[in-house]
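Novice: Take 250 as the starting number for the sequence shown in my numbering and just add one per residue.
Glycine included, every Cβ here is placed at the ideal spot set by N, Cα and C.
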Amino acid sequence: MPSATPDHSAPRIVLGVGGGIAAYKSVELLRRLRDAGYFVSPVLTRDATRFVGEVTFSALASEPTRTSLYGDPTTPIPHTYLGQHAALIVVAPATAHLIARFAMGLADDLLSATLLASRAPVLLCPAMHTEMWEQPSVQENLALLRRRGVLVMEPATGALAGGDVGAGRLREPEEIFAMVEHIVRGYRGPLSGQNVLISAGGTREAIDPVRVISNRSSGRQGIALAEVAHRLGAHVTLVSASELNLALDVVNQVDVVHVESAAQMRTALMERAHESDVIIMAAAVSDFTLDSAPIKLKKGAGVPVLELVATPDILQDLVAERRSGQVIVGFAAETHDVLENAVAKLQRKDVDLLVVNDVSAAGVGFEHTTNEVVILAKNAEASTVTLRSKEAISYEILTRVASLLNQGAP
Ligand code: CTP
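1) Who are the Cβ neighbours of Val292 in its own chain at under 8 angstroms, not counting the five residues just before and after it?
2) By how many angstroms is the C-alpha of Ile425 removed from the C-alpha of Leu282?
3) Nearest to Ser652 by alpha carbon, out of Pro439, Asp536, Ser643 and Leu588?
4) How would you call Met250, buried or exposed, if buried means at least 16 neighbouring beta carbons within 10 angstroms?
5) Between Ile642 and ligand 1, is there a pair consisting of the residue's CB and a ligand heavy atom that are separated by less than 8 angstroms?
6) What is the DSSP secondary structure of Val459, reduced to helix, strand or coil?
7) Could you give the residue range of the alpha helix (DSSP H) that holds Ile447?
8) What do you get for Arg465, buried or exposed, if any count of 16 or more other CB atoms within 10 angstroms of its CB means buried?
9) Does the Cβ of Ser386 have 16 or more other Cβ atoms within 10 Å, making it buried, or fewer, making it exposed?
10) In whole angstroms, what is the alpha-carbon distance linking Leu215 and Gln513?
11) Spell out a yes or no on whether the region 448-455 and the region 525-538 are touching, meaning 3 or more CB-CB pairs, one atom from each, closer than 8 angstroms.
12) Do three or more CB pairs link the region 490-506 to the region 467-476 at distances below 8 angstroms?
13) Please classify Phe580: does DSSP put it in a helix, a strand, or coil?
14) Buried or exposed: where does Val558 fall if 16 or more other Cβ atoms within 10 Å of its Cβ makes it buried?
15) To the nearest angstrom, how far is it from the Cα of Ile624 to the Cα of Leu647?
16) Could you tell me the boundaries of the alpha helix (DSSP H) in which Ser311 lies?
17) Count the other CB atoms within 10 Å of the CB of Lys548; is the residue buried (16 or more) or exposed (fewer)?
18) Please look up how many angstroms separate the CB atoms of Leu603 and Arg649, rounded, as I've assumed it's under 8 angstroms.
19) Among the residues of its own chain, which have a CB less than 7 angstroms from the CB of Ala272, if the five just before and after it don't count?
20) So, does the region 521-531 touch the region 577-585, judging by three or more C-beta pairs under 8 angstroms?
21) Quick check: the Cα distance between Asn655 and Ile326, rounded to an integer number of angstroms?
22) Could you pull out every residue in the same chain whose Cβ sits closer than 6 angstroms to the Cβ of Ala641, ignoring the five residues on either side in sequence?
23) Between the Cα of Asp586 and the Cα atoms of Gly574, Glu570 and Val605, which residue gives the shortest distance?
24) Assuming Val506 and Ala517 make a contact with CB atoms under 8 angstroms, what is their CB distance in whole Å?
25) Taking just the CA atoms, how far does Ala366 sit from His328?
26) For ligand 1, any of its heavy atoms closer than 8 angstroms to the Cβ of Leu564?
27) Is the CB-CB distance between Leu337 and Pro375 below 9 angstroms?
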């Protein structure tokens with residue numbers, strides 16, 4: 250419980266609240282932060298006060314709620330005071346308007362001015378209707394802010410105000426709290442001390458020095474797994490055949506090994522497998538390869554006939570060399586008879602968890618930022634994780650992994 254007298258030496262969290270219906274959830278976030286001992290200074294925008302009362306925040310926070318640049322009894326310049334003393338500024342919910350103001354450098358109220366007057370890390374938790382969330386203007390503003398080092402917690406997909414369902418729902422206070430802990434205290438989460446080896450992306454098999462055979466995997470799911478595993482306390486090695494980058498807060502924290510072909514991926518993984526507590530094969534490994542021509546095949550020489558040969562199944566090799574207690578997770582990309590094929594794959598590959606994607610469904614799997622999966626346990630017990638960001642899917646998978654490790658699996 251929060252102590253009656255706030256601890257002024259505790260890390261100060263500026264809790265910014267924008268004017269959206271999800272503002273009610275930030276009351277719960279405030280409680281969690283106070284319970285954990287933080288000094289919390291709430292800053293509400295004018296519109297936020299239409300959704301939640303200043304008094305509610307003041308009653309739970311470490312000091313009274315602020316809503317204005319002017320008339321603050323404690324300091325004549327509250328934005329610089331807050332900005333300079335913050336260990337973190339978390340904005341939940343961050344509305345499209347607030348995001349735009351921050352991206353443009355506007356400072357026309359206390360919250361936007363505080364964001365500019367601070368060198369503290371900033372965590373934005375957007376919440377809005379799907380149409381607004383998907384607007385290029387909103388996405389471009391967020392991309393700009395991310396490039397400047399601002400952290401963004403992608404909204405979840407689920408029930409929205411007015412009975413709609415879609416992307417744009419504020420992440421649960423619990424998840425935002427875990428992220429705050431991660432940023433401020435370097436919290437070691439449920440994967441603390443575990444070595445996690447993750448593969449990502451689609452491998453590329455050279456036809457000649459110019460051309461490759463590949464697949465549609467973007468690597469996003471594997472990269473999201475690496476980011477979230479790190480945030481949950483793991484030491485992560487990412488073997489990546491993807492061009493995409495890790496988020497700014499983890500980019501120097503995860504060991505990344507870049508590979509291109511299935512053979513290179515196999516070598517990189519097998520070398521590191523024995524020291525890993527968890528292995529997650531999220532990569533789309535090419536099933537076929539060929540002997541690359543040493544020089545470019547010229548058109549004039551006619552249409553080449555390519556002779557493909559099978560690549561080794563890396564996952565099967567990893568399972569064959571599995572050491573005791575190691576948790577191995579496979580993925581299954583299916584387009585038809587999804588569950589039937591997946592259950593057969595689970596048995597064939599003998600993994601602890603199989604994450605099944607129906608890659609033919611809308612918004613799922615390859616090239617998308619969202620995913621919907623079924624997680625199959627060893628006994629073929631299936632649990633569906635409905636459509637949401639690949640980051641949110643990663644939390645689900647890694648929470649399952651953490652509980653298998655606790656049970657001393659396999
Ligand atoms: N995998 C692997 N090595 C390969 C092919 C696949 O390690 N040469 C791994 C993938 O990373 C994934 C799992 O095996 O974790 C299943 O991959 P998937 O493409 O769904 O299945 P395949 O084994 O290729 O079987 P099929 O083509 O019959 O679907």
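Specialist: Quick answer:
1) In the sequence shown, the residue the question calls residue 292 occupies position 43. Cβ within range, chain order: Val263, Leu264, Gly265, Val266, Thr314, Arg315, Thr316, Leu331, Leu359, Leu360 and Thr363.
2) As a first step, residue 282 is located in the sequence shown; it is residue number 33 there, counting from the start. As a first step, residue 425 is located in the sequence shown; it is residue number 176 there, counting from the start. Each residue's Cα considered, the two are about 10 angstroms apart.
3) Taking the first residue of the sequence shown as 1, we reach residue 652 at position 403. Among Pro439, Asp536, Ser643 and Leu588, the Cα nearest to that of Ser652 belongs to Pro439.
4) Translated into the one-based positions of the sequence shown, residue 250 becomes position 1. Bear in mind that a pLDDT of 46 at Met250, under 50, signals an unreliable position, so the number given afterwards is only what the model happens to contain. Flag for Met250 reads exposed.
5) Counting from 1 along the sequence shown, the entry for residue 642 is found at position 393. No, the beta carbon of Ile642 sits no closer than 8 angstroms to any heavy atom of ligand 1.
6) Here residue 459 corresponds to residue number 210 of the sequence shown, with the count starting at 1. It is coil, neither helix nor strand.
7) What you label residue 447 is simply residue 198 of the sequence shown in a count that begins at 1. First-last for Ile447: Asn444 to Ala449, but that is the beta strand (DSSP E), not the alpha helix (DSSP H).
8) Your numbering for residue 465 matches position 216 in the sequence shown. Per the 10 Å Cβ criterion, exposed.
9) In the sequence shown, counting from the first residue as 1, residue 386 sits at position 137. Exposed.
10) With the chain covering 250 to 659 only, the question about residue 215 has no answer from this structure.
11) yes
12) yes
13) Position 331 of the sequence shown holds residue 580. If DSSP states are grouped into helix, strand and coil, Phe580 belongs with the strands.
14) Position 309 of the sequence shown holds residue 558. With fewer than 16 Cβ atoms within 10 Å of its Cβ, Val558 is classed as exposed.
15) Translated into the one-based positions of the sequence shown, residue 624 becomes position 375. Translated into the one-based positions of the sequence shown, residue 647 becomes position 398. When rounded, the distance between both Cα atoms is 11 angstroms.
16) Position 62 of the sequence shown holds residue 311. Run containing Ser311: none; DSSP gives neither H nor E here.
17) For the purposes of this step, residue 548 is taken as the residue at position 299 of the sequence shown. The residue is exposed, with fewer than 16 neighbouring Cβ atoms inside 10 Å.
18) Residue mapping note: residue 603 aligns to position 354 of the sequence shown, counting from 1. Residue mapping note: residue 649 aligns to position 400 of the sequence shown, counting from 1. Actually they do not touch by this definition, with Cβ atoms about 11 angstroms apart.
19) Your numbering for residue 272 matches position 23 in the sequence shown. Excluding positions up to five away in sequence, the list reads Val266, Ala297, Phe300, Val301 and Pro342.
20) yes
21) Taking the first residue of the sequence shown as 1, we reach residue 655 at position 406. Taking the first residue of the sequence shown as 1, we reach residue 326 at position 77. Their Cα atoms are separated by approximately 50 angstroms.
22) To locate residue 641, count along the sequence shown from 1; it is residue 392. Excluding residues within five positions, the ones whose Cβ falls inside 6 angstroms are Ala405.
23) On the sequence shown, position 337 is the one that residue 586 refers to. It is Val605 whose Cα lies nearest to the Cα of Asp586.
24) Mapped onto the sequence shown, residue 506 falls at position 257. Mapped onto the sequence shown, residue 517 falls at position 268. Yes, they are in contact, since the Cβ atoms of Val506 and Ala517 sit about 5 angstroms apart, within 8 angstroms.
25) Translated into the one-based positions of the sequence shown, residue 328 becomes position 79. Translated into the one-based positions of the sequence shown, residue 366 becomes position 117. So the two alpha carbons sit approximately 6 angstroms from each other.
26) Position 315 of the sequence shown, counted from the start, is the residue given in the question as residue 564. Yes; taking the cut-off as 8 angstroms, the Cβ of Leu564 has a heavy atom of ligand 1 nearer than that.
27) In the sequence shown, the residue the question calls residue 337 occupies position 88. In the sequence shown, the residue the question calls residue 375 occupies position 126. Result no, Cβ atoms of Leu337 and Pro375 do not sit closer than 9 angstroms.
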